[in-house]
Amino acid sequence: MNTKKKWSLVVISSIVVVLLVTSYLVFFSDYMKGWSSPSKEQQYYTGTIVDIKEQNSKVDGDLVLNSILLDNGEYLNVTKNSRFYLTSDEYYKPEAKFSEMRVEAEFKDVKVGDKIESWTRQANNHLFEIYELTIK
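When we follow our numbering, the leftmost residue of the sequence shown carries the number 1170, and every step to the right adds one.
Structure below.
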C-alpha cells in the first residue's frame, strides 16, 4: 500500500470511531439521557385537593396519567409509580404501639376535597411524580 492509501484509511477509520462514540453517547448513554432512575430525594406536600385532571401525556418519555391541584397552588403528577394510602382508624387499638394506621388504596379513592399528605420525587429532567400520597 502506498502512503496516500494508508493515510486515507486512518482518517476514515478515525471518523467512523468518532461517529460511533458520539452515537452511543447521544442515544444509549445514561449520562446524556439525564436520569437513569428517579431521584432518591423527596419533597413533602400537604393540602386539600381542589382539582384532578386526566393527562395521559408524556414528559421526557415518562407517562403522566393525572395531575392533582392542591389548595396551595401546587400540582402533583400521578404516574405508574405513584402509590396511594388511606388513613384508617378501623384497625387501631388503644394498646397498640403505633399512633396511626394506613391501608393501601387506589387512585380511584382520591377525590376533590380530600386532605392529603404527599411525598414527591424527581422522575426525570422535567417531571416530579407522586411517590406516596396519603388521604387523611
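All residues carry an ideal CB built from backbone N, CA and C; glycine is no exception.
In the three-state reduction of the DSSP assignment, residue 1247 falls in the strand class.
Between the C-alpha atoms of residue 1289 and residue 1193 there is a straight-line separation of about 32 Å.
In the three-state scheme derived from DSSP, where H, G and I count as helix and E and B as strand, residue 1182 is classed as helix. Sequence-distant partners of residue 1229 (beyond 5 residues in either direction) whose C-beta falls short of 7 Å from its own C-beta, in its chain, are 1293, 1294, 1295 and 1296.
Residue environment for residue 1223: exposed (fewer than 16 other C-beta atoms within 10 angstroms of its C-beta).
Residue range 1211-1228 is occupied by the beta strand (DSSP E) that includes residue 1220. Look at residue 1267 here: in three-state DSSP terms it is coil, with no helix or strand label. For residue 1283, the three-state secondary structure derived from DSSP is coil. Sixteen is the threshold: when 16 or more other Cβ atoms of the shown chains lie within 10 Å of the Cβ of residue 1246, as they do, the residue is buried. The Cβ atoms of residue 1226 and residue 1300 lie no closer than 8 Å to each other. Per DSSP, residue 1240 lies in no beta strand (DSSP E) and is assigned neither H nor E. Taking 8 Å as the upper bound for CB-CB distance, residue 1256 and residue 1269 are in contact here, some 6 Å apart. Per the coordinates, the alpha-carbon of residue 1216 lies some 40 Å from the alpha-carbon of residue 1196.
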